[in-house]
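K.L.:
Pasting a structure here, questions to come.
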Amino acid sequence: MADEELGISWHDSSWIPLLNTGNILDYFGRSKFYDRTCNNEVIKMQRQSIEQLVNLTGIEYKLVHVQPPILYIIRKQYRQNSESVTPMAHYYVIGGIIYKAPDVCTLVNSRMMNTTFSLNEALNKAIKHARYHPSKGYWWHFTEQKGQEEDVEPPKEQASWFQRQRVDLLLGELARQYPMKVSQPAVTLKTETSQSVSLVKSEDIKDVKVSLKRELTDPSSTTQPSAKVSRIKTEAGS
C-alpha cells in the first residue's frame, strides 16, 4: 500500500482557491491518504482543540512547513508520549494537489536502479566494439559496423481521413475569404483601333461607288467612262 501511494495524487477543485494554514488539515482529511483512525479524527469528533494531540498516543498528522499559497508539508507521525514522536511519512500539497513524498530508502533505491540500468545499456553497446589481439592487446573498433548502425528514419504516419477533410475545409474557407486577383489583358485599345480602321475603309468604298455612279449617268460629261473609272480607282488607292 505504501508503494502504491507514491504513484497517485488527490485534489478537490472546489477547495483549491480557499486553502490556507487554517483549513489545510481539513482538506487533507478528505483525501485517500488520510487514516480515519488517527488522533486528529478523535479530536475532531470530541470538538477539542488541535493542541490536545500532545495528550494522546497513536497516529497523528501535523503541518510542519508552510509556503503559502502554493506549498504545504504535512507529516504523519506516531506519538509515544507528549515529548516523543516517530515520523512515519510526509505528504506535500502543491497547488492544491496532494502527493506522498518518497522516503530516503525508496529514493536511493530508485536512483540506483536507474543508474545501474543506464550503465548496463552502455556496457552492452560498448562491448560490441572491443577487440583483442595477443600482440596488440585490447582496443576499440567503431568503423566496421558504422553503416549498419546508422539511424533509420521511421516511416511517416499518414494523415487520417478526418485530418484531410479538416485541411480541405480550412483551405476552402481561406480561398473564399481571400480570393485570388486575376489581371485582365489590355486589348481594348487594339480592338477599337481595328474597328475604326474597318469603318474608315467601308466609308471610302461607299464614296467611291457613289462618285462612279454619278459620273456614268451624267450625259453632259465628255470624258470617257474608262478614263474616269481609272482616275477614281487611282484616287481611292492613294
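Reading the sequence shown from the start, the letters are residues 1 to 238 in the UniProt record's numbering. Beta carbons are placed, not taken as given, at the ideal position from N, Cα and C, and that holds for glycine. What you are looking at is a predicted structure, and each value in this text was computed from that prediction instead of being measured.
Is it a yes or a no for the region 10 to 23 touching the region 93 to 101, going by three-plus beta-carbon pairs under 8 Å?
P.N.:
Yes, since at least three Cβ pairs between the region 10 to 23 and the region 93 to 101 fall closer than 8 Å, the two stretches touch.
K.L.:
Quick check on M113: does DSSP put it in helix, strand or coil?
P.N.:
Within the sequence shown, numbered from 1, the residue matching residue 113 stands at position 113. Helix.
K.L.:
Measure the alpha-carbon distance for G7 versus G172 and round it to whole angstroms.
P.N.:
The count along the sequence shown starts at 1 and reaches residue 7 at position 7. The count along the sequence shown starts at 1 and reaches residue 172 at position 172. Straight-line Cα distance between these residues: approximately 48 Å.
K.L.:
What residues are listed by DSSP as bridge partners for G137?
P.N.:
Sequence index remark: in the sequence shown, residue 137 carries index 137 (1-based). H133.
K.L.:
Assuming M88 and Q77 form a contact by the criterion Cβ under 8 Å, report the distance between their Cβ atoms to the nearest whole angstrom.
P.N.:
Here residue 88 corresponds to residue number 88 of the sequence shown, with the count starting at 1. Here residue 77 corresponds to residue number 77 of the sequence shown, with the count starting at 1. Rounded, the Cβ-Cβ distance is 6 Å, consistent with contact.
K.L.:
Take every Cβ of the region 48 to 63, pair it with every Cβ of the region 32 to 39, and state whether three or more of those distances are shorter than 8 Å.
P.N.:
Segments in contact, yes.
K.L.:
Could you say if the region 64 to 72 and the region 131 to 146 meet the contact criterion of at least three C-beta pairs nearer than 8 Å?
P.N.:
They do not touch, by the three-pair rule.
K.L.:
Could you compute how far the alpha carbon of S110 sits from the alpha carbon of Y92?
P.N.:
Residue numbering aside, residue 110 sits at position 110 when the sequence shown is read from its first letter. Residue numbering aside, residue 92 sits at position 92 when the sequence shown is read from its first letter. Cα-Cα distance, rounded: 20 Å.
K.L.:
Give a yes or no on whether 8 Å exceeds the smallest Cβ distance from F142 to chain C.
P.N.:
The structure shown contains no chain C; it holds only a single protein chain.
K.L.:
Between which two residues does the beta strand (DSSP E) containing L63 stretch?
P.N.:
For the purposes of this step, residue 63 is taken as residue 63 along the sequence shown, with counting starting at 1. That run of the beta strand (DSSP E) goes G58 to Q67.
K.L.:
When we look at the beta-carbon of L169 and count the other beta-carbons within 10 Å, is it buried (16 or more) or exposed?
P.N.:
Here residue 169 refers to the residue found at position 169 of the sequence shown. When all chains shown are included, L169 counts as exposed.
K.L.:
Would you check if the distance between the CB atom of F33 and the CB atom of E5 is smaller than 8 Å?
P.N.:
Along the sequence shown, one-based indexing puts residue 33 at 33. Along the sequence shown, one-based indexing puts residue 5 at 5. Yes; because the gap between Cβ atoms is below 8 Å, this pair is in contact.
K.L.:
Which of the three DSSP states, helix, strand or coil, is assigned to L53?
P.N.:
Against the sequence shown, residue 53 aligns to sequence position 53. Three-state result, L53: helix.
K.L.:
In the DSSP output, what is S13 paired with across the bridge?
P.N.:
Here residue 13 corresponds to residue number 13 of the sequence shown, with the count starting at 1. Answer is none; S13 lacks a bridge partner.
K.L.:
As a quick exercise: from S82, K125 and K136, pick the residue whose alpha carbon is nearest that of E51.
P.N.:
To locate residue 51, count along the sequence shown from 1; it is residue 51. Comparing Cα positions, the closest option is S82.
K.L.:
If you run the structure through DSSP and keep just helix, strand and coil, what is L6?
P.N.:
As a working mapping, residue 6 is identified with position 6 in the sequence shown. The answer is coil: DSSP assigns L6 none of H, G, I, E or B.
K.L.:
Helix, strand or coil for Y99, going by three-state DSSP, please let me know.
P.N.:
What you label residue 99 is simply residue 99 of the sequence shown in a count that begins at 1. DSSP places Y99 in strand when its eight states are reduced to three.
K.L.:
Just mark W139 as buried or exposed, buried being the case when its beta carbon has 16 or more other beta carbons within 10 Å.
P.N.:
Residue mapping note: residue 139 aligns to position 139 of the sequence shown, counting from 1. Result: exposed.
K.L.:
Which residues share a DSSP beta bridge with residue 252?
P.N.:
The chain is shown only over 1 to 238; residue 252 falls outside these bounds and no answer can be derived.
K.L.:
Which value, in whole angstroms, describes the spacing of the CA atoms of Y27 and T86?
P.N.:
Taking the first residue of the sequence shown as 1, we reach residue 27 at position 27. Taking the first residue of the sequence shown as 1, we reach residue 86 at position 86. Straight-line Cα distance between these residues: approximately 23 Å.
K.L.:
I'd like to confirm the pairing. Which residues does DSSP put opposite Q77 in its beta bridges?
P.N.:
In the sequence shown, residue 77 corresponds to position 77, counting from 1. According to DSSP, Q77 bridges with E60 and P87.
K.L.:
Does Y178 pass the burial test, meaning 16 or more other C-beta atoms within 10 Å, or should it be called exposed?
P.N.:
Sequence index remark: in the sequence shown, residue 178 carries index 178 (1-based). It counts as exposed.
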